[in-house]
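K.L.:
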Amino acid sequence: MNLLHPSAKVVDAATGETLTPALIDAAAASLKDQPLVFLPMPATVPAVARYLAALRLEKPVVLLDPDTDHTGLIARYTTGEVHPDLALLLTTSGSTGDPKLVRLSRAAVLANAGQVAESLGITGDDVAITTLPLFYSYGLSVLHSHLLRGATVVLERTGLMRKDFWDAVGAHRVTSMAFVPYQYEMLRRLRFDPAKHPSVRTITQAGGRLRTDLVTDFAGRMDAVGGRMFVMYGQTEAAPRMACLPSALLDRKLGSVGQAMPGGAFTVSDDGEVVYHGPNVMMGYAETAADLARGDDLGGVLRTGDLGRLDEEGFLFITGRMKRMGKVFGVRINLDDVERQFPVAAVAGDDRLHVFAEDLSADEARALRTKIADWLGTHVTGVDVRTIEALPLLANGKTDYRALEASL
Amino acid sequence: MTELQRLREAFRSALDLPADEPVDELRYQDNEKWDSLAHMSLVAAVEDEFSVMIDTDDVINMSSFAEAVRILGKYGVDVK
C-alpha cells in the first residue's frame, strides 16, 4: 500500500531530522521477519519510518502509546496468522476495560486518507503539525491525509501550551492544525489570534462534541483572516472520519457535524442509532489473537452507537449515545466501568466525567478524584467529584441519571 | 497567606501535589504531571488567585516556578 506521495515530507521540529527513503528501507529490513508489528508510536521520524515500512511490506501494525506498558496486550494478540487485507490495528475503549483492537483494512485506511484530503482540499503546499498523538486515530489521519497528497508533516512533541510549538508553527509555515474539544479550551485561554500566525489557513475539530459557542467563536476568528474551520465527526472504527461541516456552512448548520464524506452515507435506524455506510468502515473488532485472521465482518456498515438525526439536506446532528459512554479529554470511557470500579454514580459532561457519591468530606472527595483520574490515566481536571446526600432514584430503583445531569 | 504561599498552593492544586510538597524548584521538563492540561489549569489557578490576565506569550513561557514569580512581577504582583 502506498500512502506516501513521492513529494511528501516529514520533519522533526526539535531536531530538524527529515524522513528519507533510506530510513524507510532500513526500517523495512528490520521488520522483515515479523508477521505482525507492535509499534510504540511517538511523533518521531524513526517511528514514522517504521510505520510506513510496515505498511509498505503489507504487515499489519498495532500502534501503541509509547508511554504505557503494553506487555499484556502484546501477549494477548501475538500471532502468525493475520488476514491478508489487514493493515492497521488501533486500540479502543480508552484506558479502561478490555483493550479491544479495531481492525482496519488497507482499503479502508487509503479510502479515508483520500476522503479527508478531498474534504479539506489538502494539496502539496500544505504543512500540518502534530497536535495529537499519532497512535490516536484523529492524529494519525492528519498524517495519512497529508502524506497522501504530498504535503509536509511537522512532528512536534511539546504541544500547544508551549512556546516551542508556536515557534515551530512559524518556522515551518504551518498551514493546518487539528484539535479536539479540550484544545479549543486551551486555545481560548491562549487567546489564539490567527492574525499572529499568518501561514495558518485551516483548523479542524473532531474527537467529541465542541460547544457551539466555541464553534462560532473559532470559526469567526478564522473567518476574520480569510481562513477556514471544519467541524468533523469520526470514530476509530471508521479509520476514522465520517462527516465534515465546511466553514461556509457553520453558521447555517450550527450544531451539526456535517454531511457524510465523499463515498460515504448516513442512515438513522428505527431506534435512532446513526449508521454509517462507506469504504472506510473497519473489518471488525479483535478481542483475541485468533480474530486477527478474520475477514470483513461488517461489509462497510458501521453502527456508531451514537443517537442522531439527519435533516432534509443530509446534515447529521448527534444527540447522544446509545450506551452510557462519556469522553474525558477526547478519550472514550464507559461510565458503567467507572461505576464498577468506584462506589459512585457517573455521568458524562462536555469532555469531563462527573461522579456523585453519598456523604463525602472535602478531603475524601479530593482523594477520590485523584484515584479516579489515576485509574483513567488522565489529569484530575477531567474528573469532577460531587457529594450528594442521597442519590436520586427512579421508580424502578435505578439511579436517576437525568436528575444528576440536570443538577450539573 | 503571603503571595509566595498562595502561588505555591496554586501550583500544588493544579499539578495535584501533596500539601507539603516543595514546589519552589519545580520546572516543566522535570515534572511528569506538568503536561499541557496541567499547564492550562495552572494558568487558570494563577489568574484566579491573583486576579490577573496573563498574556499569551507569558502563558507559553511560564515553564518553572521561578518563571511564574518573574511573570507575576510584570503584572504588579510581588511574590515573596
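Residue numbers (our numbering), protein chains in the order written: chain A, 1 to 408; chain B, 409 to 488.
No residue lacks a Cβ here, since even glycine has one placed at the ideal position from N, Cα and C.
(1) Is the CB-CB distance between Ala-25/A and Pro-181/A below 7 angstroms?
(2) Using alpha carbons as the reference points, say which of Val-109/A, Gln-235/A, Arg-157/A, Ala-346/A lies closest to Gly-16/A.
(3) Consult DSSP for His-83/A and reduce its assignment to one of helix, strand or coil.
(4) On the premise that Ala-286/A lies in contact with Leu-90/A, defined as a C-beta separation below 8 angstroms, what is that separation, rounded to the nearest angstrom?
(5) Determine the burial state of Met-409/B: buried for a count of at least 16 other Cβ atoms within 10 Å of its Cβ, exposed for fewer.
(6) Asp-337/A: which of Ala-22/A, Glu-81/A, Pro-99/A sits nearest, CA to CA?
(7) With three or more beta-carbon pairs closer than 8 angstroms as the criterion, would you say the stretch 225-239 of chain A touches the stretch 193-212 of chain A?
(8) In this structure, how does DSSP classify Leu-292/A when only helix, strand and coil are distinguished?
(9) CA-CA distance, Ala-418/B and Glu-389/A?
(10) Which residues bound the alpha helix (DSSP H) around Asp-466/B?
(11) Alpha carbon to alpha carbon, how far is Thr-96/A from Pro-66/A?
(12) Do we get a CB-CB distance below 7 angstroms when we pair Ala-474/B with the residues of chain A?
(13) Report all residues from its chain with a CB closer than 7 angstroms to the CB of Val-301/A; omit the five preceding and five following residues, and keep chain order.
(14) Give the list of continuous alpha helix (DSSP H) stretches no shorter than 4 residues that lie fully inside the stretch 153-208 of chain A.
(15) Is Asp-351/A close to the ligand ADP? I mean its beta-carbon at under 6 angstroms from any heavy atom of the ligand.
(16) Where do the ends of the beta strand (DSSP E) carrying Asn-396/A lie?
(17) If I follow the unbroken beta strand (DSSP E) through Ser-361/A, where does it start and stop?
(18) Going by Cα to Cα distance, which pick from Ser-176/A, Arg-252/A, Ile-318/A is closest to Gly-272/A?
(19) Taking DSSP's pairing of strands, which residues face Asp-306/A in a bridge?
(20) Once you ignore the five residues that flank Ser-449/B on each side, which residues in its own chain have a CB closer than 7 angstroms to its CB?
(21) Say whether chain A places a C-beta atom closer than 7 angstroms to the C-beta of Asp-424/B.
(22) Please classify Met-448/B: does DSSP put it in a helix, a strand, or coil?
P.N.:
In terms of the structure at hand:
(1) Inspection of the sequence shows that residue 25/A is occupied by Asp rather than by Ala. No, the pair does not count as a contact, with Cβ atoms beyond the cut-off.
(2) It is Arg-157/A.
(3) The three-state reading of DSSP puts His-83/A in coil, since its state is none of H, G, I, E or B.
(4) At roughly 10 angstroms, the Cβ-Cβ gap does not stay under 8 angstroms, so Leu-90/A and Ala-286/A are not in contact.
(5) exposed
(6) Pro-99/A
(7) yes
(8) helix
(9) Those two C-alpha atoms are separated by around 30 angstroms.
(10) In the DSSP assignment, Asp-466/B falls within the unbroken alpha helix (DSSP H) covering 464-469.
(11) Note that Thr-96/A scores 48 on pLDDT, short of 50, meaning its location in the model is unreliable and no value can be drawn from it.
(12) no
(13) Val-275, His-277, Val-281
(14) 163-171, 181-189
(15) By its list of ligands, the structure shown contains no ligand whatsoever, and the ligand ADP lies outside what it can speak to.
(16) That residue, Asn-396/A, is in no beta strand (DSSP E); it is neither H nor E in DSSP.
(17) Neither: Ser-361/A is in no beta strand (DSSP E) and is coded neither H nor E.
(18) Ile-318/A
(19) Arg-321/A
(20) Ala-422
(21) yes
(22) helix
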